[in-house]
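K.L.:
Residue numbers (UniProt numbering), protein chains in the order written: chain W, 1 to 198; chain S, 1 to 194; chain V, 1 to 220.
Would you mind keeping the following structure in view while I ask a few things?
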Amino acid sequence: MSLQPSYLPNYFSIDDILASQERIPCTFSVNVQKLGNLNPSSEETDLKAGTALELPLWLVQDLSTGRQPVVIPELPKVYKEGYREILKADASAVDLHKFNLYYFELGSYVRVFDRKSDVADTLIHAFTNRFRQLMDVIDSTEHNPTDFQRMDSLERRLFKESKESRMKLHTWLEHSTTPIETAAMVLNHKKRKRGTDL
Amino acid sequence: MDPEEVEFLGEKENVVIVPTFNYGVIHLIAGDIGPFRAGLPIKVPLWVAINLKQQQTCKIQQPDWMDVENLEVLKENEKNAITFTRMPNEHYMALTKALLKFAPDDLIRANEIRTLVKDIWDIRMSKLRSSVDLLIKEKSSYAAVDNLTILEINSVRPLLPHALDQIHRMKKLQGPQLGTNSSAGHTSSYSFRS
Amino acid sequence: MEDDENLHALLDTQDDEENEIELSPAVLIEVMEEAWLNEKFSPEILPNKIDFVELLLGQLSAMEENLENVGDRDIKKTLHLLEVDRLRFLVGSYLRMRLEKIEFYVDHILKQENSRLENREDLYLTEAELTFARNFKEGIDNHFEHLMRVHPTIPVDWKNQVIQPNIHSFVFSRSKTNIESIIIDEGNDDETVYVNKDSQMIISYNSVSNLVKKGDVQLV
Chain W
1 MSLQPSYLPN YFSIDDILAS QERIPCTFSV NVQKLGNLNP SSEETDLKAG
51 TALELPLWLV QDLSTGRQPV VIPELPKVYK EGYREILKAD ASAVDLHKFN
101 LYYFELGSYV RVFDRKSDVA DTLIHAFTNR FRQLMDVIDS TEHNPTDFQR
151 MDSLERRLFK ESKESRMKLH TWLEHSTTPI ETAAMVLNHK KRKRGTDL
Chain S
1 MDPEEVEFLG EKENVVIVPT FNYGVIHLIA GDIGPFRAGL PIKVPLWVAI
51 NLKQQQTCKI QQPDWMDVEN LEVLKENEKN AITFTRMPNE HYMALTKALL
101 KFAPDDLIRA NEIRTLVKDI WDIRMSKLRS SVDLLIKEKS SYAAVDNLTI
151 LEINSVRPLL PHALDQIHRM KKLQGPQLGT NSSAGHTSSY SFRS
Chain V
1 MEDDENLHAL LDTQDDEENE IELSPAVLIE VMEEAWLNEK FSPEILPNKI
51 DFVELLLGQL SAMEENLENV GDRDIKKTLH LLEVDRLRFL VGSYLRMRLE
101 KIEFYVDHIL KQENSRLENR EDLYLTEAEL TFARNFKEGI DNHFEHLMRV
151 HPTIPVDWKN QVIQPNIHSF VFSRSKTNIE SIIIDEGNDD ETVYVNKDSQ
201 MIISYNSVSN LVKKGDVQLV
């Protein structure tokens, strides 16, 4: 059986690349010439300071650092107070996929846009509170596709790895039944034989 | 780890067999077995016992602990204990499985044994689920897991260790923030994709 | 573990002489199994056990040779061959896991081996593994270079990316002796625990990595 390291994103991790592709709302703090076409709602050739746009995270990271940041990022709405309260109330009931497929990974990046540590706290709270449900789905023999749908990518990854492991264990455990009844084929064979003797 | 790999380790456990043939000592790399005298019990590793049984050249003796009365006591103890009790054998599942599969005729009340061992396993698995849930809720960095057999430990892999790993990643996020917020400007750059 | 120390002592004395080592094969198999488990559950590659591997492979080859002259109907032949199969699986699996780690973490591993060379420490990889690692790295680098030639505008920061194993991964372990203090790193406040012989725990690998390499802790 091959090694199974737990998820730790590196430069080449696909999930990480996809997570950093998610859009972050931000406001331009300076004018940027000739990039007007980034703003679909305006006809201008230049991007004016104050324009609010959604840009991918990887771009926002670069543009929002340094002594004169080009954009000022904002927390995506699913990490803001209102949504955090929903999670606090009942994390397991939430369809996390609807919040964001990369909820945890993206969350770990955007928490720096949050002055307090609320986002980080929410991530841990959500993960640990949803864990029981994750474990139940893994152990259950029923296949309910909505269970999987409601998970974010991190939970889905855990689910897939653990489910596979669980199935192997079940197969191994079940594989032990001794044949208590003679196989049907053998029974029929015996019956036929008796017939011909008469 | 696959259950088969755990079983591989379990197949080294010694069991007592009664051979139906005569043969001298066999010098296996792991040690000597035999001499084999028809009718006289000897100790051999489980994998040897299974092979000989399949060739119908021995009977396998029921291990002392694999007895209905004893298993009933074990089951009661397990039910009443909050923690995990010590199992009579590290590889009790592999041994039970092997004997039920290959030598059910050598066992007394094989069906009851099957049920009892399964019951014990189920009780322990259920305790394990609760323990795992608790470990996650407490975001533990450490826990003692004495009296769990390798198969039982393996049953929570990769879920438990991987979940703890993710919690650890998230715990690190709760630490002090990198740099100050962007409106005040800062010099540190986020080291994400660089 | 006492046996481990005896083994190492015996192996060390083999330096100049062509002696046959008197070493219990049963212990050899134990050591191999423990190495197998440790390698399986450790996130990083561990110091190699080439001496034990070679000894065991030697035993297996000798056994196979002896069996060639034994009749197929002989009971002992089946049993011997079965045992050889089991042990070959063990060794093969162990070696394959190491290769897998080398492939996955090749840059990181080579960096570490280079610094060990500089510090005159024992290398973790065997000579063969080191050659494999270097060739593998060369192959991957050539492959990437070749691909990138088609897209010359792509920035080259991929060249500096080193994929590292997660040293903090949680592992299950069993202690083989009483251990004074294992540090559990909680981030801000580190705690230490005292661990009895034979007790099992789940803990982050970096807390026990040195103990595993020493043989005081067994991963399970």
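For each residue, glycine too, the CB sits at the ideal point set by N, CA and C.
For residue 27 (chain S), which of helix, strand or coil comes out of DSSP?
P.N.:
Residue 27 (chain S): strand per DSSP, three-state reduction.
K.L.:
Sort V:176, V:196, V:206 by Cα distance to residue 190 (chain V) and report the nearest one.
P.N.:
The residue with the shortest Cα to Cα distance from residue 190 (chain V) is V:206.
K.L.:
With respect to 6 Å, is the separation between the Cβ of residue 128 (chain S) and the closest non-hydrogen atom of the ligand NAP below this value?
P.N.:
Looking for the ligand NAP in the displayed structure turns up nothing, as the structure carries no ligands at all.
K.L.:
Can you give me, in chain order, the residues of the region 92-123 of chain V that have a beta carbon less than 9 Å from any beta carbon in chain W?
P.N.:
From the region 92-123 of chain V, only 93, 96, 97, 100, 101, 104 have a Cβ closer than 9 Å to chain W.
K.L.:
Say whether chain V places a C-beta atom closer than 7 Å to the C-beta of residue 10 (chain W).
P.N.:
At least one chain V Cβ lies under 7 Å of residue 10 (chain W).
K.L.:
Which residues of chain V have a Cβ atom closer than 8 Å to the Cβ of residue 28 (chain S), listed in chain order?
P.N.:
Within chain V, the residues near residue 28 (chain S) are 79, 80, 83.
K.L.:
Would residue 90 (chain W) be called buried (16 or more neighbouring beta carbons within 10 Å of its own) or exposed?
P.N.:
By the neighbour-count rule (16 or more Cβ atoms within 10 Å), residue 90 (chain W) is not buried but exposed.
K.L.:
In angstroms with no decimal places, state the Cα-to-Cα distance between residue 158 (chain V) and residue 11 (chain W).
P.N.:
One C-alpha to the other measures close to 8 Å.
K.L.:
Looking at the secondary structure, which residues open and close the alpha helix (DSSP H) in which residue 124 (chain W) lies?
P.N.:
Where residue 124 (chain W) is concerned, the enclosing alpha helix (DSSP H) stretches over 118-139.
K.L.:
If you reduce the DSSP assignment to three classes, tell me which class residue 69 (chain V) lands in.
P.N.:
Here residue 69 (chain V) sits in coil by DSSP.
K.L.:
Helix, strand or coil, according to DSSP, for residue 193 (chain V) in the structure here?
P.N.:
If DSSP states are grouped into helix, strand and coil, residue 193 (chain V) belongs with the strands.
K.L.:
Note down the Cα distance separating residue 57 (chain S) from residue 19 (chain S), rounded to an integer number of angstroms.
P.N.:
About 6 Å.
K.L.:
What does the alpha-carbon distance come out to for the pair residue 59 (chain S) and residue 110 (chain S)?
P.N.:
So the alpha carbons of these two residues sit roughly 15 Å apart.
K.L.:
Scan the region 52-136 of chain S and note each continuous beta strand (DSSP E) run of 3 residues or more that stays entirely inside, going in chain order.
P.N.:
List check, beta strand (DSSP E) in window: 58-60.
K.L.:
Counting contacts by CB-CB distance shorter than 7 Å, is residue 1 (chain W) in contact with chain S?
P.N.:
So yes, residue 1 (chain W) belongs to the interface.
K.L.:
Quick check: the Cα distance between residue 169 (chain W) and residue 3 (chain S), rounded to an integer number of angstroms?
P.N.:
Roughly 6 Å separates the two Cα atoms.
K.L.:
Under a Cβ-count criterion, where at least 16 other Cβ atoms within 10 Å of its own Cβ denotes burial, should residue 53 (chain S) be classed as buried or exposed?
P.N.:
By the neighbour-count rule (16 or more Cβ atoms within 10 Å), residue 53 (chain S) is buried.
K.L.:
Decide if residue 127 (chain S) is buried, meaning its Cβ has at least 16 other Cβ atoms within 10 Å, or exposed.
P.N.:
So residue 127 (chain S) ends up on the buried side.
K.L.:
How far does the alpha helix (DSSP H) with residue 143 (chain S) in it reach, from first residue to last?
P.N.:
Premise fails: residue 143 (chain S) lies in the beta strand (DSSP E), 142-144, not in any alpha helix (DSSP H).
K.L.:
So, does the CB of residue 158 (chain S) fall closer than 7 Å to a CB anywhere in chain V?
P.N.:
By this cut-off, residue 158 (chain S) is not an interface position.
K.L.:
Mark residue 165 (chain V) as exposed unless 16 or more other C-beta atoms lie within 10 angstroms of its C-beta, in which case mark it buried.
P.N.:
The residue is buried, with at least 16 neighbouring Cβ atoms inside 10 Å.
K.L.:
Whose CA, out of V:23, V:93, V:78, V:115, lies closest to the CA of residue 52 (chain V)?
P.N.:
Residue 52 (chain V) has its Cα closest to that of V:23, out of V:23, V:93, V:78, V:115.
K.L.:
Can you give me the start and stop residues for the beta strand (DSSP E) that residue 23 (chain W) sits inside?
P.N.:
Unbroken beta strand (DSSP E) run through residue 23 (chain W): 23-28.
K.L.:
So, do the region 154-164 of chain W and the region 119-126 of chain W have three or more beta carbon pairs nearer to each other than 8 Å?
P.N.:
Too few Cβ pairs lie closer than 8 Å, so no.
K.L.:
Any C-beta of chain V within less than 9 Å: which residues of the region 65-89 of chain W qualify?
P.N.:
The residues in question: there are none.
K.L.:
Okay, do the region 89-108 of chain S and the region 165-176 of chain S touch, 3+ Cβ pairs below 8 Å being the bar?
P.N.:
No, they do not touch.
K.L.:
Keeping to the same chain, check which residues put their C-beta closer than 8 Å to that of residue 30 (chain W); ignore five residues upstream and five downstream.
P.N.:
The answer, listed in chain order, is 49, 68, 70.
K.L.:
With DSSP as the reference, please indicate the residues paired to residue 54 (chain W) in a beta bridge.
P.N.:
Paired residues: W:25.
K.L.:
Count the other CB atoms within 10 Å of the CB of residue 14 (chain V); is the residue buried (16 or more) or exposed (fewer)?
P.N.:
At residue 14 (chain V), the pLDDT of 43 sits below 50, so the modelled position is not reliable and the matter cannot be decided from this model.
K.L.:
By the criterion of Cβ-Cβ separation under 8 Å, what are the contact partners of residue 174 (chain S) in chain W?
P.N.:
Under the 8 Å cutoff, chain W gives 117, 120, 121, 124.
K.L.:
Can we say the region 86-106 of chain S touches the region 6-21 of chain S, given the rule of at least three CB pairs closer than 8 Å?
P.N.:
Output reads yes: the region 6-21 of chain S touches the region 86-106 of chain S.
K.L.:
In its own chain, which residues sit with a C-beta less than 7 Å from the C-beta of residue 73 (chain W), not counting the 5 before and 5 after it?
P.N.:
The answer, listed in chain order, is 24, 26, 60, 64, 113.
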